[in-house]
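The opening residue of the sequence shown carries number 1 in the UniProt record's numbering; numbering runs sequentially from there.
Below: one structure, written as structure tokens.
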Amino acid sequence: MFRESMNIYRKYKMIKCNMKLEKRCQDTVRCDMETDLETALELAGAGKYQIFHCGLMVAILGSAILEMIGSSFILPSAACDLALEDHMKGIIASIPNIDALGRKPVLLVSTLLSGVIGLIAAFMPNLLSFALCKFVGSLFLSCPSSLGFAFAGELMPKKRRDLALLICNASLMLIASLCPNFIRSISTYLRPWRLLTMAYSMPLILSALWLTQAKESPKFLMMKGKPDEALGVLRHIFAFNNSKKRSDGQSCEAATSSKLSALALLKPPHLK
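If you want it as structure tokens, here you go:
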């Protein structure tokens with residue numbers, strides 16, 4: 001009886017030890033993957049593409065701010081047409097802040113839909129339909145409001161990531177401070193509130209069209225098990241930064257003879 005108990009105990013210890021070893025191996029592989037991706041981003045470099053991408057994220061975030069702030073300027077003009085009472089203005093103005101649905105991976109769709117819904121709101125005949133459109137649009141604004149900074153940072157090499165996000169944040173604060181002046185200047189030329197609503201929605205639509213020229217995050221592609229597509233993004237970044245064509249053989253494969261290939265970094269034994 002004692003021997004059987006000891007055997008069961010030994011088997012339990014061996015199983016527990018194997019589980020710990022397996023978990024440690026998985027953590028090591030995950031750490032190696034992140035390290036190799038950072039090295040690949042370093043090889044791809046930081047240059048024109050990162051400036052293009054950060055500018056795009058600032059444009060999307062700024063458009064979201066303009067759409068939210070614009071509601072406060074539209075409501076006084078729309079009060080007569082929508083039969084809007086004073087206490088209802090504050091309620092509707094707070095609707096765009098109810099955007100706690102979380103981050104969404106579909107930044108393009110959410111930005112475009114938010115802009116389109118903002119355009120539709122300009123044609124609403126009454127208060128209920130206008131408020132409903134603004135509410136639905138604010139739900140889609142939760143994605144660009146939360147995902148923009150993360151998306152900007154994932155395409156920057158680690159050494160320059162903090163500086164890039166700092167510049168993006170400063171640019172966004174500048175846009176936010178200039179938004180009221182910009183809106184006030186537009187209001188002097190576009191007196192009808194419906195035209196104002198359309199004007200405040202257009203930056204979101206234009207930003208969505210600009211977003212079609214951007215690439216997916218290589219970190220997201222690696223997490224989804226798509227190393228070949230991640231490598232394609234890194235090649236595009238390298239070619240864009242160095243003004244080369246992807247077909248000329250100069251992408252990420254051989255920047256110089258002293259640098260490792262980014263292709264090798266995304267293959268075994270680096271990635272298992």
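Note that the Cβ used here is the ideal one computed from N, Cα and C, for glycine as well.
The structure displayed is predicted, hence computed values, not measured ones.
Bounding residues of the alpha helix (DSSP H) (the contiguous stretch that carries residue i)
{"i": "PRO157", "result": "Note, PRO157: premise wrong, no alpha helix (DSSP H); not H, not E."}
{"i": "SER110", "result": "107 to 121"}
Rounded C-alpha distance that separates residue i from residue j
{"i": "LEU195", "j": "ALA122", "result": "7 Å"}
{"i": "PHE238", "j": "CYS133", "result": "42 Å"}
{"i": "SER129", "j": "ALA64", "result": "21 Å"}
{"i": "THR212", "j": "LEU108", "result": "7 Å"}
{"i": "ALA152", "j": "ASN126", "result": "39 Å"}
{"i": "ASN97", "j": "ILE205", "result": "In this predicted model, ASN97 has a pLDDT of only 37, less than 50, meaning its place in the structure is not dependable; the value taken from the coordinates is given anyway. Approximately 20 Å, taken between the alpha carbons."}
{"i": "TRP210", "j": "VAL58", "result": "12 Å"}
{"i": "GLY55", "j": "ILE167", "result": "10 Å"}
{"i": "SER243", "j": "GLY47", "result": "10 Å"}
{"i": "ILE183", "j": "SER171", "result": "18 Å"}
{"i": "ALA131", "j": "ALA208", "result": "23 Å"}
{"i": "ASP36", "j": "GLY225", "result": "14 Å"}
{"i": "LYS158", "j": "PRO218", "result": "14 Å"}
{"i": "LEU147", "j": "THR197", "result": "25 Å"}
{"i": "PHE240", "j": "TYR49", "result": "6 Å"}
{"i": "PHE135", "j": "HIS53", "result": "29 Å"}
{"i": "LEU141", "j": "PRO227", "result": "30 Å"}
{"i": "LEU139", "j": "LEU113", "result": "10 Å"}
{"i": "LEU190", "j": "ILE175", "result": "21 Å"}
{"i": "TYR200", "j": "THR188", "result": "14 Å"}
{"i": "LEU61", "j": "LEU231", "result": "28 Å"}
{"i": "GLU229", "j": "MET124", "result": "43 Å"}
{"i": "PRO203", "j": "VAL233", "result": "26 Å"}
{"i": "LEU165", "j": "PHE149", "result": "7 Å"}
{"i": "MET222", "j": "GLY137", "result": "31 Å"}
{"i": "PHE220", "j": "ASN169", "result": "22 Å"}
{"i": "LEU163", "j": "ILE120", "result": "39 Å"}
{"i": "GLU216", "j": "GLU154", "result": "10 Å"}
Residue i, buried or exposed, once every other Cβ within 10 Å from all chains shown has been counted against 16
{"i": "ARG235", "result": "buried"}
{"i": "GLY115", "result": "buried"}
{"i": "MET156", "result": "buried"}
{"i": "MET173", "result": "exposed"}
{"i": "SER110", "result": "buried"}
{"i": "GLY118", "result": "buried"}
{"i": "SER185", "result": "exposed"}
{"i": "ILE51", "result": "exposed"}
{"i": "PRO192", "result": "exposed"}
- Query: Going along the chain, which unbroken runs of the alpha helix (DSSP H) with 4 or more residues stay wholly within the region 177 to 239?
  - Reply: 193 to 211 and 218 to 223
- Spell out a yes or no on whether the region 33 to 49 and the region 172 to 190 are touching, meaning 3 or more CB-CB pairs, one atom from each, closer than 8 Å. The region 33 to 49, when compared against the region 172 to 190, does not touch it at the 8 Å Cβ threshold.
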